[in-house]
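A.B. asks: Residue numbers (the numbering used here): 468 to 897.
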Ligand code: SF4
Ligand code: SF4
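Next comes the structure, spelled out in structure tokens:
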């Protein structure tokens, strides 16, 4: 183990982290619900293809959705029981095919066969077959990221967790540091790289301490700044390497993986357990008992909220994910999926209720943008329908971190405008 000095990236913003609601709360295992609704579209790429039928009996860990094509990921039953329905469901986030399983409570398991843990190809195959995806929220299939031709000399584990409120990765590092590091080492073995680095924001001293006690990993304490956990910013902070626009981290010899992706890879390789559950944070002043919970894939959001004591009377906003990059939910209809790092319930003291006003050209959005873009001009030209001109100010290089909207004194929805511009540009180019 070694620790380097506090590192960071250029620009960004200091956001109140509000992690105190859950950062000392140990991970609780939420009991499996009576019914799980498991989506076949919980990753970037093609939806999985259902391989069970209504009426089938399934075991926990059994394949129910098979990957289709190069960019896809398999999906597994999170409970044992009977397949009740296979149907399309529309939620506030998307419309997808779901496999609905009635839980029989028997917890019968059907895990994957053991592999040779020293075999590089066997590790790669296991990560693919286990349905591993980026658990930080991106949902990109992990094996696709690992299928690089570039020489990788840094396996970088993202322990920044810079989104306010979220503490699930923090608790994983405190409570299961060996699994996180061992998972990273397996990923490194598959990529022929034994240089394991983990970046952790300084507001998690107990996580820095826990990971530092394990051999074979370099811990980089990071300044608390948003968006410290975005890939390019994290790579710069930890290695001082710059990934050019349009290029992948592998072009700089780096592959980045989330803390829980590393941990779940460890479980897939050591325990033959496919990905069917994850730890998420349920937080905000609008929920009775904020917690970090281990949740089965497909658990209804409504059940999760009830398990955390239910909504308070003054709850005004529900968000899937963190407040900066998460998605606002108009209702709690939805089901836990691989990429769910958080479910937030905010009261009126935690949200901005001001209406947007005209831009005053203060330049704060440009000064804060970690990608050095000009959000006010992207917004201006998007509003006039001149999307190519908007792109000349970097629209397509925006990774939608929300920093510009956060700092704007006129409360303009800059990131919403940029997302719209990107959609329009993609439409005209396809
Ligand atoms: S323009 Fe995009 S990358 Fe820059 S601060 Fe705004 S959302 Fe973040
Ligand atoms: S921060 Fe807001 S008001 Fe200031 S330049 Fe940017 S868009 Fe305009």
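Beta carbons: idealized from backbone N, C-alpha and C, even for Gly.
Taking DSSP as the reference, what is the three-state secondary structure of residue 868?
C.D. replies: Note: residue 868 maps to coil in three-state DSSP.
A.B. asks: Answer yes or no: the CB of residue 868 versus the heavy atoms of ligand 1, is any distance below 7 Å?
C.D. replies: Under cutoff, so the answer is yes.
A.B. asks: Mind checking whether the beta-carbon of residue 846 lies closer than 7 Å to any heavy atom of ligand 2?
C.D. replies: Yes.
A.B. asks: Name the two residues that bound the continuous alpha helix (DSSP H) containing residue 748.
C.D. replies: Element bounds for residue 748: not the alpha helix (DSSP H) but the beta strand (DSSP E), 744-750.
A.B. asks: Look at the alpha carbon of residue 651 and the alpha carbon of residue 597, and state the distance between them as a whole number of angstroms.
C.D. replies: Rounded to whole angstroms, residue 651 to residue 597 spans 16 Å at the Cα level.
A.B. asks: Cα-Cα, which of 762, 557 and 814 is closest to residue 499?
C.D. replies: Out of 762, 557 and 814, 762 has the C-alpha closest to the C-alpha of residue 499.
A.B. asks: Which of the three DSSP states, helix, strand or coil, is assigned to residue 564?
C.D. replies: Three-state result, residue 564: strand.
A.B. asks: Give the secondary structure of residue 836 by DSSP, where H, G and I count as helix, E and B as strand, and everything else as coil.
C.D. replies: The answer is coil: DSSP assigns residue 836 none of H, G, I, E or B.
A.B. asks: If I measure Cβ to Cβ from residue 854 and keep anything under 6 Å in the same chain, skipping five residues before and after, which residues do I get?
C.D. replies: Closer than 6 Å at Cβ, skipping near neighbours: 888, 891 and 892.
A.B. asks: Using 7 Å as the cut-off, classify the Cβ of residue 835 as near or not near the heavy atoms of ligand 1, replying yes or no.
C.D. replies: Because some heavy atom of ligand 1 lies under 7 Å away, the Cβ of residue 835 counts as near it: yes.
A.B. asks: Are there any heavy atoms of ligand 2 lying less than 7 Å away from the beta-carbon of residue 857, as far as the coordinates show?
C.D. replies: Checking every heavy atom of ligand 2 against the Cβ of residue 857, none is found closer than 7 Å.
A.B. asks: Give the straight-line distance between the Cα atoms of residue 515 and residue 810, rounded to the nearest whole angstrom.
C.D. replies: One C-alpha to the other measures close to 25 Å.
A.B. asks: According to DSSP, which residues form a beta bridge with residue 666?
C.D. replies: Bridge partners of residue 666: 625 and 687.
A.B. asks: Within 10 angstroms of the Cβ of residue 537, are there 16 or more other Cβ atoms? Answer buried if so, exposed if not.
C.D. replies: Its Cβ having fewer than 16 others within 10 Å, residue 537 is exposed.
A.B. asks: Helix, strand or coil for residue 520 per DSSP?
C.D. replies: Coil.
A.B. asks: Examine ligand 2 and report whether any of its heavy atoms sits within less than 7 Å of the Cβ of residue 820.
C.D. replies: Not so, every heavy atom of ligand 2 lies at least 7 Å from the Cβ.
A.B. asks: Would you mind working out which of 635, 620 and 618 sits nearest residue 626, comparing C-alpha positions?
C.D. replies: Closest option to residue 626, Cα to Cα, is 635.
A.B. asks: Since residue 478 and residue 876 should fall inside the 8 Å C-beta cutoff, what is the C-beta to C-beta distance between them, to a whole number of angstroms?
C.D. replies: Not really, about 17 Å apart at Cβ, beyond 8 Å.
A.B. asks: In three-state terms, what does DSSP make of residue 478?
C.D. replies: In the structure shown, residue 478 sits in coil (DSSP, three-state: anything other than H, G, I, E or B).
A.B. asks: Cα separation between residue 829 and residue 531?
C.D. replies: Answer to the nearest angstrom: the Cα atoms are 53 Å apart.
A.B. asks: Under 6 Å Cβ to Cβ from residue 864, same chain only, skipping five residues before and after it: list those, please.
C.D. replies: Cβ within range, chain order: 712 and 838.
A.B. asks: Return the CA-CA distance between residue 616 and residue 594, expressed in angstroms with no decimal places.
C.D. replies: Answer to the nearest angstrom: the Cα atoms are 18 Å apart.
A.B. asks: Just to confirm before moving on: does the CB-CB distance between residue 455 and residue 884 stay below 8 Å?
C.D. replies: Any answer about residue 455 is impossible in this case: the structure gives the chain only from 468 up to 897.
A.B. asks: So what does residue 693 bridge to, in DSSP terms?
C.D. replies: For residue 693, which the question treats as bridged, DSSP gives the partners 480.
A.B. asks: Under the DSSP definition of a beta bridge, which residues are partnered with residue 549?
C.D. replies: Bridge partners of residue 549: 524 and 569.
A.B. asks: Do you know whose CA, among 482, 480 and 553, lies nearest residue 504's CA?
C.D. replies: The shortest Cα separation from residue 504 among 482, 480 and 553 belongs to 553.
A.B. asks: Do we get a CB-CB distance below 8 Å when we pair residue 726 with the residues of chain D?
C.D. replies: Among the chains of the structure shown, chain D does not appear; only one protein chain is present.
A.B. asks: Please report the distance separating the alpha-carbon of residue 643 from that of residue 799.
C.D. replies: The alpha-carbon atoms of residue 643 and residue 799 are separated by roughly 30 Å.
A.B. asks: Would you mind reading off the limits of the beta strand (DSSP E) that contains residue 544?
C.D. replies: Where residue 544 is concerned, there is no enclosing beta strand (DSSP E), given that its DSSP letter is neither H nor E.
A.B. asks: Ignoring anything shorter than 3 residues or poking outside the segment 701-768, list the beta strand (DSSP E) runs there in chain order.
C.D. replies: Runs of the beta strand (DSSP E) inside the segment 701-768: 721-725, 744-750 and 758-763.
A.B. asks: Tell me the rounded alpha-carbon separation between residue 850 and residue 857.
C.D. replies: One C-alpha to the other measures close to 9 Å.
A.B. asks: Can at least three beta-carbon pairs, one atom from the segment 566-579 and one from the segment 771-788, be found at a separation below 8 Å?
C.D. replies: Flag = no, the segment 566-579 and the segment 771-788 do not touch.
A.B. asks: Consult DSSP for residue 891 and reduce its assignment to one of helix, strand or coil.
C.D. replies: Of the three classes helix, strand and coil, the one that applies to residue 891 here is helix, per DSSP.
A.B. asks: Strictly by DSSP, which residues pair up with residue 576?
C.D. replies: DSSP, once it has assigned bridges, lists 527 as partnering residue 576.
A.B. asks: Can you grab the Cα-Cα spacing for the pair residue 685 / residue 825, in whole Å?
C.D. replies: Approximately 47 Å between the Cα atoms of the pair.
A.B. asks: What do you get for residue 630, buried or exposed, if any count of 16 or more other CB atoms within 10 angstroms of its CB means buried?
C.D. replies: It is buried - the Cβ of residue 630 has at least 16 other Cβ atoms within 10 Å.
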